[in-house]
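Asker: For what it's worth, my numbering labels the leading residue of the first sequence as 444, then goes sequentially.
Here it is, the structure, as structure tokens.
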Amino acid sequence: MDETRYDPHQIEPRWRRVWEEMDLFRADLEGAERPCYALVMFAYPSGDRLHVGHWYHYGPADSWARFMRMRGFDVFEPFGFDAFGLPAENYAVRTGVHPRDSTDTNVANMVAQLEAMGAMWDWDRTLNTSQPEYYRWTQWLFLELYEAGLAYRKAAPVWWCPTDQTVLANEQVVGDNVCERCGTPVEKRDLTQWFFKITDYADELLAGLEGLEWPERTKALQRNWIGRSEGVEIDWPVPGTDAVVRTFTTRPDTLYGVTFLALAPEHRLLDTIVAPDRKDDVEAYRAGSRRLSEIERSSTEKEKTGIFTGAHAVHPLTREPVPIWVADFVLGSYGTGAIQGVPAHDQRDWEFATALGLPIVKVIEPDDPAAAAPDQAYTGHGTVVDSDPYTGMRSEQMLHDVIAELAHSGQGHKTVNYRLRDWLVSRQRYWGAPIPIIHCPTCGEVPVPQYDLPVELPYDVDFSLGAGKSPLERSARFLAVDCPRCGAAARRDADTMDTFVDSSWYYFRYLSADDGERPWDRALADKWLPVFQYSGGIEHAVLHLLYSRFVTRAMRDLGHAGIDEPFQRLVHQGTITSRGAKMSKSRGNVISPDEYVSQYGADAFRAYLMFGFSYVEGGDWKDEGIRAIANWLQRVWRIVVRHQDLFRPGRILHEGDPGGEAARTLLLTRHRSVKGATEDLAAWQFNTAIARIMELVNALHHYAPVEGSPEHDVHEPLLAESLETLVLLMGPIAPHLAEELWSVLGREPSIVDAPWPAFDPAVLATDEVTVAIQVNGKVREEMRVPRDLPDEEVKARASRHGRIPELLGDRPVRKAIVVPNKLVSLVV
RNA sequence: GCCGGGGUGGCGGAACUGGUAGACGCGCCGGACUCAAAAUCCGGUGGCCGCGAGGCCGUGUGGGUUCGACUCCCUCCCCCGGCACCA
């Protein structure tokens, strides 16, 4: 090897082989004393090559795991594949390559590539959600939820993607109501589908966020998605019928301002209450609103429309008749599907009343008269008017009191509404876990018995997108089955599960990846869960992350788990873009990591990704700094190799002068670097951690240059210790290089089991400190003083120091503030 | 409109609970080594003024609190993400 350079292409594969032979990364799940479950989100095997995003996510995550292992934790770092899903099936439709085959090929290629990263993944416990050994337990999960009443089938208006020919969960409809996968505008269809009852857990899922160490924005997204809203349901009897219209409002303090009620066109009481002479008109309006797409109906641009039903309801407090209208701006899917119209204090109601000529009655006077605009509703609080007996009261107070009155008279009650809907899990597609239900003409829905799991996907199916029927629906062989209950000819459910079901429980399965008897071992789950540290993209904030939280809680209630939350700590890696846009084949801006890795090595590429970006921010791809990082690794290698003789067995280290200024600086830098790197790695701040290590490397090169000799005595024990510290600090940053240097120091592999260096706060607390002196808030001088000098003495010295007397002149010091060991502020 | 995050040198990015803004690196400038180049090593580098000592300005805008503000409070502007006729 060249005396001045190391070759990553030689040492990286060599050490990976050694690690594998040592079986170094296989976790002892049963015997672990300090479990640290370091989990990265599944990879999706849609292509066969790794992209920059994989390296950016997984490299630093592995560096963090290595750091934890060196700190003495029993780290479990598994890796697996979310292998079911639409892209593989769409690929099959286009090319005829079976998803089973393309998926297996992609997974194999990705595993081979992932190995080049040198991460500590425990490949003995890898998972692939498309394998029967895995999805058997996904089906088990479904049946557990089904038996508990948490999985149910119902007819409902659901989102349908015409391109992908399947229904979607609400969470998969994004932006302007388009399909999350393919971007096609989705439409509403009335279909019978399977749902998971996530709404049963809405309150828990909201409250549970408080205790999680997650990024605030992710918690905010979930809060927003769950959409809790406290309000009141009020009953409005309709005289002459049995009907009682129930409305939901968050502002019962505006009850005296109600001038109409409005029902959603799909409201079930409509037929009961509509006046005979209005029937045709109302029916026409309903038909018209059904023709409108959800997008058109829910557009704020659209002018408000509605039609009078001819019916009136009785106001619960005034007993006066209130006209009942039908209006399509009222949604059947939220609240009670009916609202109280208060035009003076709700902007939508105001627009409706204005468009249809309904009266506007003001009942709240704003505190600031300027807040009341003549052409819109006033939605704030203020003083109640024209609402005897509440007139004159604060509206906040009335809100509280009127709820009590309504509750007392049985005309209303407090309630909570959620935006969250149940999780629609069935998909009319092939490449997913079949729903383990059999439809029998006599017995109805019958769960597949446990001993018949898995319900395997047939290999031989027709992928053409025909006649709105999925491949399974057209597979007579798959569908035909005898009813497990009565034995009669029955039919399998032809739908498969949303792939988010597969990934909603995999963190349990990793712990028992090979277990053929049960989904997971409860004792191991109790020991290892919740996941110590989870990492992955923020795009799953309301999908995977919310579903997993629901599944964990459901499993807890069914006695399969002892935890409330699956992921205690969470970080999101940022996105690496290219020329300002997300990388994609269609944009032609994909950056391939392969060339960089083959040019500079895996360590350099990983280190560059950690140093060049702020991990959670990401940023636009640039490679100007990668060469510098590669050079820096050479610089690290060079300084260690230059002094390797210090570590020769039997070598007696020459003591030199331990007290010199140069030695002092190196010692200080060493301890400062350890402190900084330790704190920053713990916080996933890789860029600053590396910056601190760079400072140590610079200090070492100053203290004991690679070429020539220094002007001062070299204290060899100090130099040796500092070099060892450097190698250890490099352990998580450049794993192959660090392992190589560890052996250069004459140590046995592996460095991952060497203890992380400690720092001594006493060393960092130098005897002398530099104190800044401010005069009227501006820094004017600096002075060296003994550490922890009493404040009075610091003030006295400061006012005598350098130019300070001159700057003060004969003005008396009015005030002096001392920040111990940092600065003095003199005010004149 | 509501919720969340953000705006710091030419660039990527630092700055703990208010305490010397710009760590570390890139780029650039200068120097050493070399016949020369590469590699390596050393030094400088926010802007303006000044020969210099030094001074003034500076963290999106404008104000406030404070001895002292990137940090706290208020106003506004811009960017990113989410939600949105949710009553």
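Yeah, the Cβ is synthetic: ideal placement off N, Cα and C, and Gly gets one too.
(1) Can you tell me whether residue 877 is helix, strand or coil according to DSSP?
(2) Quick test of the definition: if touching needs 3 or more C-beta pairs under 8 Å, does the segment 825-841 touch the segment 664-674?
(3) Can you tell me which of 1017, 997, 781 and 759 puts its alpha carbon nearest to the alpha carbon of residue 647?
(4) Which of the three DSSP states is assigned to residue 848 in this structure?
(5) Quick check on residue 457: does DSSP put it in helix, strand or coil?
(6) Check the DSSP bridge columns for residue 783 and list the partner residues they point to.
(7) Could you tell me whether the Cβ atoms of residue 560 and residue 491 are closer together than 8 Å?
(8) Tell me, please, which residues DSSP counts as bridged to residue 860.
(9) With distances taken between CB atoms, is the gap from residue 1171 to residue 1197 smaller than 8 Å?
(10) Could you check which residue in 1128, 587 and 1112 has the C-alpha nearest to that of residue 1204?
(11) Measure the Cβ-Cβ separation of residue 593 and residue 639 and say whether it is below 8 Å.
(12) Whose C-beta lies closer than 6 Å to the C-beta of residue 946 among residues of the same chain, with five residues either side of it excluded?
(13) Inspect the beta-carbon positions of residue 786 and residue 702 and report whether they are closer than 8 Å.
(14) What did DSSP end up calling residue 1217 once you bin it into helix, strand or coil?
(15) Measure how close the beta-carbons of residue 1089 and residue 1162 come, nearest whole angstrom, since I'm counting them as under 8 Å.
(16) In this structure, what does DSSP give as the bridge partners for residue 529?
(17) Take residue 954 and list the residues in its own chain whose beta-carbon comes closer than 7 Å to its own, dropping the five residues that flank it on each side.
(18) Would you be able to state if there are at least three C-beta pairs under 8 Å between the segment 923-935 and the segment 856-864?
(19) Within 10 Å of its beta-carbon, does residue 1173 have 16 or more other beta-carbons around it, so buried, or fewer, so exposed?
(20) Among 1266, 782, 656 and 1220, which one has its Cα closest to the Cα of residue 1240?
(21) Residue 498 lies in the alpha helix (DSSP H); which residues open and close that run?
(22) I need the straight-line Cα distance from residue 1192 to residue 981, nearest angstrom please.
(23) Looking at C-beta atoms only, is the number of pairs between the segment 1127-1142 and the segment 1053-1065 that lie closer than 8 Å three or more?
(24) What residue range is occupied by the uninterrupted beta strand (DSSP E) comprising residue 976?
(25) Within 10 angstroms of the Cβ of residue 571, are there 16 or more other Cβ atoms? Answer buried if so, exposed if not.
(26) Could you tell me the alpha carbon to alpha carbon distance between residue 861 and residue 672, rounded to whole angstroms?
(27) Between the beta-carbon of residue 911 and the beta-carbon of residue 608, is there less than 8 Å?
(28) Which word fits residue 977, buried or exposed, when buried means at least 16 other C-beta atoms lie within 10 angstroms of its C-beta?
(29) By Cβ distance, which residues of its chain are closer than 6 Å to residue 462, with the 5 residues on each side in sequence left out?
(30) Under the three-state reduction of DSSP, which class applies to residue 1265: helix, strand or coil?
(31) What distance in whole Å lies between the Cβ atoms of residue 629 and residue 704, which are believed to be in contact at a cut-off of 8 Å?
(32) Less than 8 Å separating the beta-carbons of residue 908 and residue 877?
(33) If you drop the 5 nearest sequence neighbours on each side, which residues of the same chain put their C-beta closer than 6 Å to that of residue 1245?
(34) Give the DSSP-derived three-state secondary structure of residue 762 in the structure shown.
(35) Apart from the five residues on each side of it in sequence, which residues of its chain come closer than 6 Å, Cβ to Cβ, to residue 657?
(36) Using only the alpha-carbon positions, how far apart do residue 746 and residue 791 sit?
Answerer: By the coordinates alone:
(1) Mapped onto the first sequence, residue 877 falls at position 434. Here residue 877 sits in strand by DSSP.
(2) The answer is no - the segment 664-674 does not touch the segment 825-841, with fewer than three Cβ pairs under 8 Å.
(3) Taking the first sequence and counting its residues from 1, one reaches residue 647 at position 204. Out of 1017, 997, 781 and 759, the CA that lies nearest to the CA of residue 647 is found in 997.
(4) Locating residue 848 in the first sequence gives position 405, counting from the first residue. Residue 848 sits in a helix when the DSSP states are folded into three classes.
(5) On the first sequence, residue 457 is found 14 positions in, with the first residue counted as 1. Looking at residue 457 - three-state DSSP - the assignment turns out to be helix.
(6) Reading the first sequence from its first residue, position 340 is the one you call residue 783. Looking at the DSSP output, residue 783 shares a beta bridge with 704.
(7) For the purposes of this step, residue 560 is taken as the residue at position 117 of the first sequence. For the purposes of this step, residue 491 is taken as the residue at position 48 of the first sequence. No.
(8) Position 417 of the first sequence, counted from the start, is the residue given in the question as residue 860. 672, per the DSSP bridge assignment.
(9) The residue given as residue 1171 occupies position 728 in the first sequence. The residue given as residue 1197 occupies position 754 in the first sequence. Pairing residue 1171 with residue 1197 gives a Cβ-Cβ distance under 8 Å.
(10) By one-based count along the first sequence, residue 1204 stands at place 761. When only C-alpha atoms are compared, the closest one is 1112.
(11) Counting from 1 along the first sequence, the entry for residue 593 is found at position 150. Counting from 1 along the first sequence, the entry for residue 639 is found at position 196. Cβ distance < 8 Å, so residue 593 and residue 639 count as in contact.
(12) Counting from 1 along the first sequence, the entry for residue 946 is found at position 503. Excluding sequence neighbours, residue 946 sits near 485, 525 and 987.
(13) Along the first sequence, one-based indexing puts residue 786 at 343. Along the first sequence, one-based indexing puts residue 702 at 259. Yes, the Cβ-Cβ distance between residue 786 and residue 702 is below 8 Å.
(14) Start at 1 with the first residue of the first sequence, and residue 1217 comes out as number 774. It is a strand residue.
(15) Sequence index remark: in the first sequence, residue 1089 carries index 646 (1-based). Sequence index remark: in the first sequence, residue 1162 carries index 719 (1-based). Right, the Cβ-Cβ distance comes to about 7 Å (below 8 Å), so this counts as a contact.
(16) Translated into positions along the first sequence, residue 529 becomes position 86. Under DSSP, no beta-bridge partner is assigned to residue 529.
(17) For the purposes of this step, residue 954 is taken as residue 511 along the first sequence, with counting starting at 1. Excluding sequence neighbours, residue 954 sits near 472, 963, 964, 967, 968 and 971.
(18) Verdict: no, contact absent.
(19) Here residue 1173 refers to the residue found at position 730 of the first sequence. With 16 or more neighbouring CB atoms inside 10 Å of its own CB, residue 1173 falls in the buried class.
(20) Taking the first residue of the first sequence as position 1, residue 1240 is located at position 797. It is 1266.
(21) The count along the first sequence starts at 1 and reaches residue 498 at position 55. Start and end: 495-513.
(22) Against the first sequence, residue 1192 aligns to sequence position 749. Against the first sequence, residue 981 aligns to sequence position 538. Looking at the backbone, the Cα of residue 1192 and that of residue 981 are separated by about 37 Å.
(23) Yes, the segment 1127-1142 touches the segment 1053-1065.
(24) Against the first sequence, residue 976 aligns to sequence position 533. Counting along the chain, the beta strand (DSSP E) containing residue 976 begins and ends at 976-978.
(25) Position 128 of the first sequence, counted from the start, is the residue given in the question as residue 571. Buried is the call here.
(26) Residue 861 sits at position 418 when you count from the first residue of the first sequence. Residue 672 sits at position 229 when you count from the first residue of the first sequence. Taking the straight line from one Cα to the other gives about 6 Å.
(27) Within the first sequence, numbered from 1, the residue matching residue 911 stands at position 468. Within the first sequence, numbered from 1, the residue matching residue 608 stands at position 165. Their beta carbons are under 8 Å apart, which means residue 911 touches residue 608 by this criterion.
(28) Locating residue 977 in the first sequence gives position 534, counting from the first residue. Classified as buried, residue 977 has 16 or more neighbouring CB atoms from the shown chains inside 10 Å of its CB.
(29) On the first sequence, residue 462 is found 19 positions in, with the first residue counted as 1. No residues qualify anywhere along the chain.
(30) The residue given as residue 1265 occupies position 822 in the first sequence. The DSSP-derived three-state label of residue 1265 is coil.
(31) Counting from 1 along the first sequence, the entry for residue 704 is found at position 261. Counting from 1 along the first sequence, the entry for residue 629 is found at position 186. In this structure, residue 704 and residue 629 do not form a Cβ contact; the two beta carbons are roughly 31 Å apart against a cut-off of 8 Å.
(32) Here residue 908 is taken as the residue at index 465 of the first sequence, counted from 1. Here residue 877 is taken as the residue at index 434 of the first sequence, counted from 1. Taking 8 Å as the Cβ cut-off, residue 908 and residue 877 do not qualify as a contacting pair.
(33) Taking the first sequence and counting its residues from 1, the one referred to as residue 1245 is at position 802. By the criterion of a C-beta distance shorter than 6 Å, residue 1245 is surrounded in its chain by 1224, once the five residues flanking it on both sides are discounted.
(34) Against the first sequence, residue 762 aligns to sequence position 319. Looking at residue 762 - three-state DSSP - the assignment turns out to be coil, as it is neither helix nor strand.
(35) Here the question's residue 657 lines up with position 214 in the first sequence. Excluding residues within five positions, the ones whose Cβ falls inside 6 Å are 1013.
(36) Residue numbering aside, residue 746 sits at position 303 when the first sequence is read from its first letter. Residue numbering aside, residue 791 sits at position 348 when the first sequence is read from its first letter. The C-alpha of residue 791 is placed about 10 Å away from the C-alpha of residue 746.
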